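In the working numbering, the protein residues as written are 14 to 482. All C-beta atoms, glycine included, are put in the ideal place defined by N, C-alpha and C. Since we're looking at a predicted model, the values are computed, not measured.
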């Protein structure tokens with residue numbers, strides 16, 4: 014989503030032609046997937062980190078364009094809200110020390126963005142957090158949308174489809190907003206895993222199963238607009254803030270942001286085909302002279318359907334597939350984020366060895382939302398296990414499986430254990446980012462600005478959250 018468009022307004026004829034291109038490019042994708050050797054190569058992991066910019070008081074700082082220009086770093090791109098930036102980290106081989114490498118780059122890039130933001134607002138900086146506690150309703154206006162054609166086009170595209178306001182209802186909180194700007198409240202740590210086509214279905218299903226217990230162990234979004242809501246409020250907020258199902262689309266089971274409603278049974282093609290069949294285009298940008306293998310319209314459209322785990326086709330290196338795991342929150346620190354990535358990747362690889370289509374998808378679906386609501390206190394089920402376990406007990410039970418799978422993939426023992434030990438101690442002590450925020454806010458007498466300033470200081474230290482005072 015980092016590349017800008019040439020314009021922000023599109024005609025109905027362009028929407029029609031874009032839809033035709035999607036059908037044409039589905040056929041191209043099918044042919045690419047059938048090519049011998051397509052997508053083969055070493056397993057790599059990558060990540061994207063979304064950050065919130067804050068001023069000296071800990072309030073949102075709407076100066077992302079200025080900070081990006083000062084950084085002059087191709088890894089850094091604008092996000093939807095003027096107070097957000099995204100850092101695209103360098104992909105690394107899974108074999109070796111991937112988490113050490115990712116963690117070092119996270120720390121370096123976070124420090125650089127923080128320093129640049131401090132120059133724009135003395136005492137300001139960058140915060141890796143699922144939802145910034147100081148956000149208020151005044152931060153969600155159309156003027157808060159980043160100054161790029163892409164995001165203005167997205168706004169217009171949503172309003173073309175949805176005539177009603179976007180309605181948010183979360184545990185007693187009710188809010189109506191006329192635009193998609195509420196998406197900007199959510200900042201994530203998105204992990205990518207390269208996979209060959211023949212393993213895609215099993216690994217994608219494994220990621221759908223794994224994310225429940227992993228999310229339970231890494232909640233970092235307990236507050237929104239001054240209200241204590243879910244452990245990962247970001248999950249509910251994102252789904253409702255970008256739901257294009259108005260009165261004319263009530264028939265569609267899944268929203269634009271969704272966990273999904275069934276296992277993948279054949280392969281990646283069925284997901285791309287579903288996205289084209291079920292979702293109207295919102296940014297019909299046409300590329301007249303692109304290489305056919307790039308399928309640019311299909312990739313652009315796929316990037317506007319935000320399934321929590323979703324497929325990525327990348328034409329680089331002859332073309333390859335990735336699973337983008339989008340449900341993890343940003344923060345609290347580089348150590349926490351690399352630990353979350355290690356647990357999710359390890360558990361996905363472990364479960365990818367089995368065929369999950371005989372397990373009820375509804376169980377995986379329920380695990381995900383229970384984990385988002387209740388964190389380590391959630392009651393979760395698991396294949397082969399009778400009844401339900403508290404999430405904290407299930408996490409500790411699954412860590413050895415994740416460890417073994419990462420070792421089998423060639424990750425060195427020290428890198429695996431350094432990351433997974435963070436998960437183990439965080440779970441044992443019940444010290445997630447969400448738990449720390451709740452306790453700190455109570456200690457600070459409900460002062461959200463002091464909470465953000467204290468949180469930022471600890472986040473920049475790199476010390477995992479279970480060791481914060």
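- When the Cα atoms are used, residue 436 and residue 151 turn out to be separated by approximately 36 Å.
- Remark: C-beta atoms of residue 443 and residue 282 do not approach each other more closely than 8 Å.
- Under DSSP, residue 342 takes part in a beta bridge, and its partners are 201.
- By the 16-neighbour rule on beta-carbons within 10 angstroms, residue 447 is buried.
- Between residue 418 and residue 440, the C-beta gap is not smaller than 8 Å, which leaves the two residues out of contact.
- Scanning its chain for C-beta atoms nearer than 8 Å, with the 5 sequence neighbours on each side dropped, one finds around residue 412 the residues 356, 433, 436 and 437, in chain order.
- The three-state reading of DSSP puts residue 394 in coil, since its state is none of H, G, I, E or B.
- For residue 124, the enclosing alpha helix (DSSP H) has its first and last residue at 111-133.
- Between the alpha carbons of residue 222 and residue 450 lies a distance of about 27 Å.
- Here the alpha carbon of residue 214 sits roughly 6 Å from the alpha carbon of residue 279.
- For the set 173, 169, 236 and 174, the Cα lying nearest the Cα of residue 198 is the one of 236.
- Excluding the 5 residues flanking it on each side, residue 232 has same chain C-beta neighbours closer than 6 Å at 244, 245, 388, 445 and 447, in chain order.
- Residue pairing by DSSP places residue 234 opposite 245 in a beta bridge.
- Inter-segment contact for the segment 283-296 and the segment 311-318 is present: three or more beta-carbon pairs are separated by less than 8 Å.
- Per DSSP, the continuous beta strand (DSSP E) segment holding residue 326 begins and ends at 322-327.
- Residue 138 carries a strand assignment under DSSP once its states are collapsed to helix, strand and coil.
- Distance from the Cα of residue 155 is smallest, within the candidate group 38, 300 and 75, for 75.
- The beta-carbon distance between residue 140 and residue 89, rounded to whole angstroms, is 15 Å. This is too long to meet the 8 Å contact definition.
- At least 8 Å separates the beta-carbon of residue 196 from that of residue 62.
- C-alpha of residue 54 to C-alpha of residue 29: approximately 37 Å in a straight line.
- Between residue 382 and the set 182, 225 and 465, the nearest pair of CA atoms involves 225.
- Leaving aside the five residues that flank residue 209 on each side, the residues in its chain whose CB is nearer than 7 Å to its CB run, in chain order, 52 and 53.
- When DSSP states are grouped into helix, strand and coil, residue 449 belongs to the helix group.
- When secondary structure is reduced to three states using DSSP, residue 56 falls in the coil class, being assigned neither helix nor strand.
- A distance below 8 Å between beta-carbons, with the five flanking residues on each side excluded, links residue 109 to the following residues of its chain, in chain order: 423, 424, 425 and 428.
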